[in-house]
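There are 2 protein chains.
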Amino acid sequence: MEIKHAVTLLASLAQEARLEIFRCLVQAGPDGLAAGIISQTLQIPSSTLSFHLKELSHAGLISARQESRFIYYSANYDSMNALLAYLTENCCAGESPCCPDVQCQVTPIKE
Amino acid sequence: MEIKHAVTLLASLAQEARLEIFRCLVQAGPDGLAAGIISQTLQIPSSTLSFHLKELSHAGLISARQESRFIYYSANYDSMNALLAYLTENCCAGESPCCPDVQCQVTPIKE
DNA sequence: GCTATATTTCCATAATTATGGAAATATAGT
DNA sequence: ACTATATTTCCATAATTATGGAAATATAGC
């Protein structure tokens, strides 16, 4: 994953309403939830919710599907997995030091 | 971890310069790097870097320690681990559906 | 076609975040 | 005290992001 993509995913989750929405959708499972249900559950006005859903959707973290008059939003598990993998590989903070021989590209200070 | 704290951590990583800085510090290991080296390596003007280091520091993702005239910044592995744990537990997208019986708190639509 | 419900778009406004130069501050060697 | 280097603070400015009401659009039942 490119760093810019990781930043996009992080940014879309770095907002309380959106993190709540995403968490809610993850817990709701693959079928997802209709926008109205999310609005009602999380007490978010529809226009504000729509804005946040669009953000998450643009980032690729959720998908939408129309079903009669309802639009169901569901979490894209793969996308989240990819983000976690990126963070674990590049910014990991495991017990054992990660990437032990990878060095930050430090150019020697020239006099 | 509280959701607000997760949001704070995500927000501090949701910026390309900061994600680069953090990644760099993770790779640099526990000793970290002096601010000037980071500035030079990532080509970030010192004032801008200082701003971003402060953000990461406030979020608790990095620590600073003075060493003679230099200030060394290093990644707080524990903090990152906690974030990954939070995301895995609350927003996880594993192969197997997570939290199978936890349901998003959906109040039934009343007529 | 009318009505009701679901969702989005539009819009103005507010709030937050990012940028980098210049000046200020800190630290240490001479 | 003077000098050099390291880092931060200050500041103005720009850019981005968030909010929610009102209007517009879509969908389906009657």
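Quick note, the sequences are listed as chains A and B, same order.
The end of the first sequence is residue 112 by our numbering, with every number in the run present.
The end of the second sequence is residue 112 by our numbering, with every number in the run present.
Cβ coordinates follow ideal geometry from the N, Cα and C atoms, glycine included.
Our contact map puts residue i next to residue j with C-beta atoms below 8 Å; I'd like the distance itself, whole angstroms only.
i: Leu54/B; j: Cys25/B; result: Actually they are not in contact, since the Cβ atoms of Leu54/B and Cys25/B sit about 11 Å apart, beyond 8 Å.
i: Leu11/B; j: Leu50/A; result: Not really, about 19 Å apart at Cβ, beyond 8 Å.
i: Leu88/A; j: Leu85/B; result: 6 Å
i: Leu62/B; j: Met81/B; result: 7 Å
i: Val27/A; j: Glu17/B; result: Incorrect: roughly 26 Å between the Cβ atoms, too far for contact.
i: Tyr73/A; j: Asp32/A; result: 7 Å
i: Ser47/A; j: Ser64/A; result: Not a contact, Cβ separation roughly 19 Å.
i: Ala83/B; j: Met2/B; result: 6 Å
i: Phe23/B; j: Cys92/A; result: 6 Å
i: Ile4/A; j: Glu68/B; result: Not really, about 29 Å apart at Cβ, beyond 8 Å.
Does residue i have its Cβ less than 8 Å from a Cβ in chain B?
i: Glu21/A; result: yes
i: Ala12/A; result: yes
i: Gln16/A; result: yes
i: Leu54/A; result: no
i: Leu57/A; result: no
i: Cys92/A; result: yes
i: Ser97/A; result: Residue placement at Ser97/A is poorly supported in this model, since its pLDDT is 35, which falls under 50; the coordinates are not used for a value here.
Just to make sure I have the definition right: I need the residues of chain B whose C-beta is within less than 8 Å of the C-beta of residue i. Which are they?
i: Ala7/A; result: Leu20
Per DSSP, residue i forms a beta bridge with which residues?
i: Ala35/A; result: Tyr73/A
Against chain A, with Cβ distances strictly below 8 Å, would residue i count as a contact?
i: Thr49/B; result: no
i: Met2/B; result: no
i: Arg66/B; result: no
i: Arg1/B; result: In the structure as shown, chain B begins at 2 and stops at 112. Residue 1/B is therefore absent and cannot be evaluated.
Is residue i near the ligand GTP, going by C-beta to nearest heavy atom under 7 Å?
i: Thr9/A; result: This structure does not include the ligand GTP; it has no bound ligands of any sort.
Can you list the beta strand (DSSP E) stretches of 3 or more residues lying completely in the region 52 to 89 of chain B, in chain order? 63 to 68, 71 to 76
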